[in-house]
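Just below is one structure, and these are the notes that go with it.
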Amino acid sequence: MQSIDLRGVTCPTNFVMAKLELEDVEVGTTVEFFLDDGEPVKNVPRSLKDEGHKLLGLQEREGYYVLTLEKGGE
Amino acid sequence: MAEQKIDLRNLKAGGFIKERGKDLFTVRLRVPGGRMSVDRLSKIAEVAQKYGKGYVHLSVRQSIELININFADFDAVVAELGEEQQKVASCGARVRVPTACGGCEYNPNGLVDTQKSALEVDQKLFGTATGHHKFKVCFAGCPFDCPKSAINDVGFQGAVWPKLDADGCISCGLCAKSCTEGALSMGADNKPVFDAARCIYCGDCIKVCPTGAWSAERKGYTVRIGGKWGRRPLVGTLYATFVPEERVVEFIATVLAWYQEKAEGAGRVRLGDVIIREGWQSLLERLRGYFPEYVVKETIAPQVIQSQLPLPGQHV
Ligand code: HEM
Ligand code: SF4
Ligand code: SF4
Ligand code: SF4
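Residue numbers (my numbering), protein chains in the order written: chain X, 78 to 151; chain A, 43 to 358.
Following this line, the structure appears as structure tokens:
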């Protein structure tokens, strides 16, 4: 599975980067993102869901979060 | 009698404030909720350019004030602003232009349509004489309360009651972590547990949930009454929760009627001071008669902020 590390990237750059990464992914593919705790994890998952992707999981690891999602259609 | 040069009716409504200089006035424009169309803004700029001194003042209550207007130009200023499009605001013992933040239209935090409420109150209650003192109303879209609703005579704050759909929850724990009030914790089944008594209806859980498992079961305004700023500040206290947007005008009118009646003969006194004198029970019970499903069981008097010397306990 493709992992995209967005740790150390602040809002809203992290969301825009996630969006750009997802453009190169096939619909239905599962991808994971690493997100910092705080504002990034509060904002990015919800914004990606609003873009039509399916959130499969969000789990805390040591000091950061792993968001798993399936790329949605147009 | 000298020939009358200006239409005195324009002065009566207030909104023309005498400046220091000879013959000069400030003209306070009516901008409910701080919303201003760009067309109106250019019109105002044109009038200010022609009759003012090259600048305007953005007032703390969201008005645009034209500065250095000669009283001989009043009629021209009012006419050129266009009486329908840009009205002059009020001063004195009246219901003032309501203020509001952006609310829910484009602001990610907004829970209710504060702009709509501000416009409605402006249309229906603006300028109503109180008989006693000024009367200020404010709308905040959520409990962040950026526009400081609680220091108004009546302050409204958007609120939502959160409801969980446990099947939609993926147990990420974000809602519990985001709730600053300690109203949410993660239960043994790894789903959030809601403690209603601690909730302040901010909706952060709804906003943060990545799957939409939280939604708003009820929505409306939390209402605080009796606030003011100035030399002797008071912070308004809680009288009602989840007042529907469509009953806001009626709610204010009920508070206003109580104020008009209870301050009879008391002179220039603000609502908060009348509440302190009469006791909050009187206003709360009056409101309960009209809004039984929203009025809280009990409240407290407006809260005094000691901002003047000597501070309590100090001897000067
Ligand atoms: C993500 C969080 C926040 C957002 C998006 C936000 C947004 C805004 C906006 C849009 C305004 C302008 C409102 C208007 O005049 O129409 C504002 C003003 C204000 N905000 Fe916030 N705000 C946030 C958090 C906070 C917090 C946490 C506080 C206080 C602890 C706060 C205090 C204020 C105050 C006092 C003003 C008025 C400033 C003034 O009168 O000059 N805000 N905020
Ligand atoms: S009170 Fe709430 S809705 Fe209004 S500007 Fe502040 S954060 Fe936004
Ligand atoms: S609405 Fe606000 S205070 Fe209430 S549970 Fe949700 S986050 Fe906590
Ligand atoms: S934020 Fe949503 S998905 Fe995460 S624990 Fe809370 S209710 Fe469940």
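Don't be surprised by glycine CBs; every beta carbon is placed ideally from N, CA and C. Small disclaimer: the values here were computed from a predicted structure and weren't measured.
Can you pull the chain X residues whose beta carbon is under 8 Å from the beta carbon of residue i, in chain order?
{"i": "A:Thr253", "result": "Lys126 and Leu132"}
{"i": "A:Ile212", "result": "Leu132, Leu133, Gly134 and Leu135"}
Find out if the Cβ-Cβ distance for the pair residue i, residue j is shorter than 8 Å.
{"i": "A:Gln356", "j": "A:Arg273", "result": "no"}
{"i": "A:Asn232", "j": "A:Ser213", "result": "yes"}
{"i": "A:Trp300", "j": "A:Ile193", "result": "no"}
{"i": "A:Cys180", "j": "A:Gly57", "result": "no"}
{"i": "A:Ile318", "j": "A:Pro344", "result": "yes"}
{"i": "A:Leu329", "j": "A:Val337", "result": "yes"}
{"i": "A:Val98", "j": "A:Leu108", "result": "yes"}
{"i": "A:Gly245", "j": "A:Val202", "result": "yes"}
{"i": "X:Leu112", "j": "X:Tyr142", "result": "yes"}
{"i": "A:Gly200", "j": "A:Ala182", "result": "yes"}
{"i": "A:Phe177", "j": "A:Arg136", "result": "yes"}
{"i": "X:Lys131", "j": "X:Gly115", "result": "no"}
{"i": "A:Val139", "j": "A:Val73", "result": "yes"}
{"i": "A:Gly268", "j": "A:Thr283", "result": "no"}
{"i": "A:Gln128", "j": "A:Leu167", "result": "no"}
{"i": "A:Gly210", "j": "A:Gly144", "result": "no"}
{"i": "X:Pro122", "j": "A:Pro252", "result": "yes"}
{"i": "X:Glu109", "j": "X:Leu83", "result": "no"}
{"i": "A:Ile294", "j": "A:Val163", "result": "yes"}
{"i": "A:Phe67", "j": "A:Ile106", "result": "no"}
{"i": "A:Glu292", "j": "A:Gly262", "result": "no"}
{"i": "A:Val69", "j": "A:Glu122", "result": "no"}
{"i": "A:Val311", "j": "A:Ala305", "result": "yes"}
{"i": "A:Pro4", "j": "A:Ala142", "result": "In this structure chain A extends from 43 to 358, so residue 4 of chain A is not present and cannot be described."}
{"i": "X:Leu133", "j": "X:Leu146", "result": "yes"}
{"i": "A:Thr222", "j": "A:Gln302", "result": "no"}
{"i": "A:Met256", "j": "A:Leu313", "result": "For the sequence presented, residue 256 of chain A should be read as Trp rather than Met. No, the pair does not count as a contact, with Cβ atoms beyond the cut-off."}
{"i": "A:Pro185", "j": "A:Tyr243", "result": "yes"}
{"i": "A:Arg266", "j": "A:Tyr281", "result": "yes"}
Mind checking residue i: buried by the 16 CB within 10 Å criterion, or exposed?
{"i": "A:Gly76", "result": "buried"}
{"i": "A:Cys17", "result": "The shown model of chain A, from 43 to 358, leaves out residue 17 of chain A, and the question about it has no answer."}
{"i": "A:Thr264", "result": "buried"}
{"i": "A:Gln165", "result": "exposed"}
{"i": "A:Lys60", "result": "exposed"}
{"i": "A:Gly215", "result": "buried"}
{"i": "A:Gln323", "result": "exposed"}
{"i": "A:Val102", "result": "exposed"}
{"i": "A:Cys241", "result": "buried"}
{"i": "A:Tyr93", "result": "buried"}
{"i": "A:Ala44", "result": "Caution is warranted here: a pLDDT of 46 is assigned to A:Ala44, below 50, making its placement in the model unreliable, and no coordinate value can be reported."}
{"i": "X:Leu135", "result": "buried"}
{"i": "A:Gly152", "result": "buried"}
{"i": "A:Ser159", "result": "buried"}
{"i": "A:Val80", "result": "exposed"}
{"i": "X:Lys119", "result": "buried"}
{"i": "X:Arg138", "result": "exposed"}
{"i": "A:Ser84", "result": "exposed"}
{"i": "A:Ser248", "result": "In the sequence under discussion, the amino acid at residue 248 of chain A is Ile, which differs from the Ser named in the question. It counts as buried."}
{"i": "A:Cys217", "result": "buried"}
{"i": "A:Ile347", "result": "exposed"}
{"i": "X:Ser80", "result": "exposed"}
{"i": "A:Gly63", "result": "exposed"}
{"i": "A:Ile86", "result": "buried"}
{"i": "X:Gly85", "result": "exposed"}
{"i": "X:Thr87", "result": "exposed"}
{"i": "X:Ala95", "result": "buried"}
Can you list the residues of chain X that residue i reaches, using a CB-CB cut of under 7 Å?
{"i": "A:Cys244", "result": "Correct list: empty, because the minimum Cβ distance to chain X is about 13 Å."}
Anything in chain A within Cβ reach of residue i, meaning under 7 Å, just list it in chain order.
{"i": "X:Lys119", "result": "Leu216, Ser220 and Val250"}
Can you confirm whether residue i, when its beta carbon is compared against all beta carbons of chain B, has any partner nearer than 8 Å?
{"i": "A:Thr264", "result": "In the structure shown, chain B cannot be found, because the protein chains are X and A."}
Within 9 Å of chain X by C-beta, residues of the segment 214-241 of chain A in sequence order: Cys214, Gly215, Leu216, Lys219 and Ser220
Short-range partners of chain A found in the segment 91-125 of chain X, where Cβ spacing is below 7 Å: Val118, Lys119, Pro122 and Arg123
Which parts of the segment 182-232 of chain A are runs of the alpha helix (DSSP H), unbroken and 4 residues or longer, counting only runs that do not cross its ends? 216-220
In the segment 80-142 of chain X, which residue ranges form an unbroken alpha helix (DSSP H) of at least 4 residues, counting only runs that do not cross its ends? 90-100 and 116-127
Which runs of the alpha helix (DSSP H), 4 residues or longer, sit entirely within the segment 250-325 of chain A? 290-304 and 313-320
Uninterrupted alpha helix (DSSP H) stretches inside the segment 63-100 of chain A (no shorter than 4 residues): 80-93
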